[in-house]
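Residue numbers (the working numbering): 38 to 370.
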Amino acid sequence: MKKFLSSALGVILFSSAFNISAQNNVSLEIVHALNTSEFAMNTQAETPEGVKFDLNRLEYYISEISLTHDGGVVTDIQNLWALVNANDNTVIDLGSLDVTEIENIKFSIGVDPEHNHLDPSTYGPSHPLAHKNPSMHWGWTAGYRFVAIEGNGGEQLNQLFEIHALGDGNYFDINIAVSATAENGALNAVIYGDYCKALAGIDVSTGIISHGEVGESIDLLENFRDLVYSTSSPIDTTDTASNEEPNGISEVASGLEFQLYPNPAVNGSTIVSSSSLSPQSIVVFDLTGKQLITETLNAGKQLNINNLESGVYFVRVNDLVSNEVLVKKLSVQ
Numbered sequence: 038m039k040k041f042l043s044s045a046l047g048v049i050l051f052s053s054a055f056n057i058s059a060q061n062n063v064s065l066e067i068v069h070a071l072n073t074s075e076f077a078m079n080t081q082a083e084t085p086e087g088v089k090f091d092l093n094r095l096e097y098y099i100s101e102i103s104l105t106h107d108g109g110v111v112t113d114i115q116n117l118w119a120l121v122n123a124n125d126n127t128v129i130d131l132g133s134l135d136v137t138e139i140e141n142i143k144f145s146i147g148v149d150p151e152h153n154h155l156d157p158s159t160y161g162p163s164h165p166l167a168h169k170n171p172s173m174h175w176g177w178t179a180g181y182r183f184v185a186i187e188g189n190g191g192e193q194l195n196q197l198f199e200i201h202a203l204g205d206g207n208y209f210d211i212n213i214a215v216s217a218t219a220e221n222g223a224l225n226a227v228i229y230g231d232y233c234k235a236l237a238g239i240d241v242s243t244g245i246i247s248h249g250e251v252g253e254s255i256d257l258l259e260n261f262r263d264l265v266y267s268t269s270s271p272i273d274t275t276d277t278a279s280n281e282e283p284n285g286i287s288e289v290a291s292g293l294e295f296q297l298y299p300n301p302a303v304n305g306s307t308i309v310s311s312s313s314l315s316p317q318s319i320v321v322f323d324l325t326g327k328q329l330i331t332e333t334l335n336a337g338k339q340l341n342i343n344n345l346e347s348g349v350y351f352v353r354v355n356d357l358v359s360n361e362v363l364v365k366k367l368s369v370q
């Protein structure tokens, strides 16, 4: 079964409190891809020029997110940095905002110059700008690695390459026109990142080591700016049958069907109505990807959600006989 990413597993976030009248829980979701396939480490892919490669590391910073919404109103998201790992699911929580419809999202890859040269040891360990392992900090003078991409290239995938791109001069704005509308108190804007395009024009077949602000490092960051992101999914969803565990927790389709009723849920419960009579594993995630509820139920049984606060969640149902998996959103009022 093809899957889409829609959680914040592996994304390290920090945001100050917002003094904006809360209306909707706003988030930015990045679906990671390699050409027409979902992103996966150590999986063969090709650059736009047809050069074979695989990746064993891809991490990057996002900062200075700004939303244009509701007829041209601009809201800057203050004091938020995200350290994105492309191997994990990514939803960046932007906070409770007076935003109903997003028209454009602007952000930058890397760390803004004001914070790029500060001491990472001054941050708590969970802060995205704190020391990390593997390191994302190059030193006080150079600042943070904006993107760290590592893997192997060439026909035999035996040519090591590493590009660690940094530098205030390579801190570029990215503008993406989107159309996302709030529903049931939540607004999730989805964009797609095709990381094969990040290597456009970069020959990884002979092995490259580029750590710095010039050469392939500039090429990489310019590709992130110009080529990587879109609002159209590059992922081929023709094949929806698989026995693999889903690599994300967004709404996905399969032969299995189930409904959540009522949805939005009230009074602390919702009924899981399934097309299968087999026992089913039920997992409920919040928008950060944290597992909140894990149960095994028969179809048509009530799922106790008394402990869930008002908001948007994801419910993953795994048929324990056919191993089919389906994920749907659940709103709790």
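The C-beta atom is built at its ideal place from N, Cα and C for all residues, glycine as well.
Along the alpha helix (DSSP H) that carries residue i, what are the first and last residues, could you check?
| i | result |
| --- | --- |
| N153 | P150 to N153 |
| N260 | E253 to N260 |
Determine the extent of the beta strand (DSSP E) in which residue i is found, giving its start and end residues.
| i | result |
| --- | --- |
| L120 | W118 to N122 |
| A223 | A223 to D231 |
| T127 | T127 to L134 |
| W175 | H174 to G176 |
| K89 | K89 to H106 |
| D240 | No beta strand (DSSP E) contains D240, which DSSP labels as neither H nor E. |
| E140 | E138 to I146 |
| F322 | Q317 to F322 |
Report the residue from the options whose alpha carbon sits nearest the alpha carbon of residue i.
| i | options | result |
| --- | --- | --- |
| S315 | L224, V68, S64 and N355 | N355 |
| V227 | S172, L297 and Y266 | Y266 |
| S26 | G222, D130 and L166 | No answer is possible for residue 26: it lies beyond the span of the chain, which begins at 38 and ends at 370. |
| H154 | V136, F144 and T178 | T178 |
| H248 | R262, G176 and F144 | G176 |
| S347 | A223, Q81 and V121 | A223 |
| S95 | I211, H69 and N221 | Going by the sequence as given, residue 95 is Leu instead of Ser. For the residues I211, H69 and N221, the minimum Cα distance to L95 belongs to H69. |
| T80 | Y160, T127, G204 and A123 | A123 |
| P14 | N116, S133, T243 and N221 | Limits of the chain in this structure are 38 at one end and 370 at the other, which puts residue 14 out of reach. |
| S133 | N195, D113, N141 and F351 | D113 |
| Y350 | V88, L117 and V128 | V128 |
Considering only the beta carbon of each residue, do residue i and residue j sit closer than 8 Å?
| i | j | result |
| --- | --- | --- |
| Y98 | Y181 | yes |
| I272 | S74 | yes |
| S103 | D149 | no |
| E187 | L92 | yes |
| A237 | I139 | no |
| N225 | E332 | no |
| I319 | L297 | no |
| Q317 | L345 | no |
| V63 | L131 | yes |
Applying the criterion that 16 or more other CB atoms from any shown protein chain within 10 Å of the CB defines a buried residue, is residue i buried or exposed?
| i | result |
| --- | --- |
| S254 | buried |
| G108 | exposed |
| L367 | buried |
| N343 | exposed |
| V110 | exposed |
| V251 | exposed |
| D263 | exposed |
| L120 | buried |
| G204 | buried |
Which same chain residues end up closer than 6 Å to residue i when comparing Cβ atoms and leaving out the 5 residues on each side of it in sequence?
| i | result |
| --- | --- |
| S270 | Y229 |
| H168 | P157 |
| E199 | E187 and I246 |
| A202 | F183, V184, S254, L257 and L258 |
Output needed for residue i: all residues of its chain with C-beta closer than 8 Å, excluding positions within five of it in sequence on either side, in chain order.
| i | result |
| --- | --- |
| F261 | Y97, I146, V184, F209, I211 and A235 |
| M173 | E96, Y98, L120, Y181, R182 and A185 |
Just to confirm my understanding: we take residue i, look at its own chain, exclude 5 residues before and 5 after, and list those with CB closer than 7 Å. What are they?
| i | result |
| --- | --- |
| E288 | Here the model assigns E288 a pLDDT of 45, short of 50, so the residue's position is not dependable and the matter cannot be decided. |
| P85 | C233, K234 and A237 |
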